[in-house]
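Read through the structure below, which is laid out as structure tokens, and then see the notes.
Residue numbers (my numbering): 139 to 342.
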């Protein structure tokens, strides 16, 4: 049965980038601010609404995103981990549809991968779609919100959706993803890896 429900997107962008020592979401990747590039990739899909959950340096991030057609959600409890951002946005989502959960510091995911995930989700039969690259599970995660609202609301700490994936592995369809699904900007080593792929990264 084909699933025609709306698919929203949640970009988690509330963390304080403690491992890197500066706000990685404000770095310039190939001349474009990281968080704008991440958000724009999902806006290009034209699938439902796009939400960006902020916390650390909220005003700075909101200033970088204010001209884009998305919804900004402030999470004042962001120091409590990623689960607090999920709970902050949960009441705003279409409870009958699907939702992408993505990380703000993964700007290199390709539109083709996202489109493939949507296509597989809409075919029905799987309530969770996850990209895999080189044997590594990546982001975003596309999840049937109606089925997992309670699970999302009970998340704690900084585990993100990992707990749900572990508890409902039988519901997951893994699809081939591009390298951008597993590349992030958490550490200098990871940033160097992105540079070796031919990208420029500078402080914004």
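Just so you know, even glycine gets a beta-carbon here, dropped at the ideal spot from N, CA and C.
Every value quoted in this text rests on a predicted model; they were computed, and no experiment measured them.
7 Å Cβ shell around residue i - same chain, five flanking residues per side excluded
i, result
"residue 275", "268"
"residue 285", "265"
"residue 143", "234, 235, 236"
Strand pairing of residue i, partner residues [DSSP]
i, result
"residue 238", "147, 280"
"residue 301", "According to DSSP, residue 301 bridges with nothing at all."
"residue 312", "268"
"residue 195", "193"
"residue 294", "Answer is none; residue 294 lacks a bridge partner."
"residue 339", "167"
"residue 306", "BP columns for residue 306 are empty, so no partner."
"residue 209", "189"
Inter-residue Cα distance where the pair is residue i and residue j
i, j, result
"residue 339", "residue 246", "12 Å"
"residue 209", "residue 307", "31 Å"
"residue 243", "residue 176", "7 Å"
"residue 213", "residue 324", "20 Å"
"residue 189", "residue 211", "7 Å"
"residue 303", "residue 310", "8 Å"
"residue 216", "residue 272", "31 Å"
"residue 320", "residue 148", "17 Å"
"residue 288", "residue 249", "29 Å"
"residue 178", "residue 200", "14 Å"
"residue 292", "residue 228", "11 Å"
"residue 329", "residue 322", "7 Å"
"residue 334", "residue 327", "11 Å"
"residue 305", "residue 197", "36 Å"
"residue 258", "residue 316", "16 Å"
"residue 254", "residue 260", "10 Å"
"residue 281", "residue 187", "15 Å"
Beta carbon of residue i nearer than 9 Å to that of residue j
i, j, result
"residue 181", "residue 206", "yes"
"residue 241", "residue 160", "no"
"residue 314", "residue 256", "no"
"residue 167", "residue 337", "yes"
"residue 283", "residue 231", "yes"
"residue 154", "residue 193", "yes"
"residue 236", "residue 146", "yes"
"residue 252", "residue 238", "yes"
"residue 331", "residue 290", "no"
Whole-angstrom C-beta distance between residue j and residue i, which should lie under 8 Å
i, j, result
"residue 342", "residue 164", "4 Å"
"residue 279", "residue 312", "Their Cβ separation, rounded to whole angstroms, is 11 Å, which puts residue 279 and residue 312 out of contact at 8 Å."
"residue 169", "residue 220", "At roughly 29 Å, the Cβ-Cβ gap does not stay under 8 Å, so residue 169 and residue 220 are not in contact."
Residues near residue i in its chain [Cβ-Cβ closer than 6 Å; skip 5 each side]
i, result
"residue 223", "150, 152, 191, 213"
"residue 172", "163, 165, 245"
"residue 195", "161"
beta-carbon residue i near the ligand ADP non-hydrogen atom, thresh 8 Å
i, result
"residue 222", "The model on display carries no ligand, and the ligand ADP is accordingly not part of it."
Residues near residue i by beta carbon distance below 8 Å, same chain, minus five either side
i, result
"residue 218", "295"
"residue 174", "202, 203, 206"
"residue 301", "289, 293"
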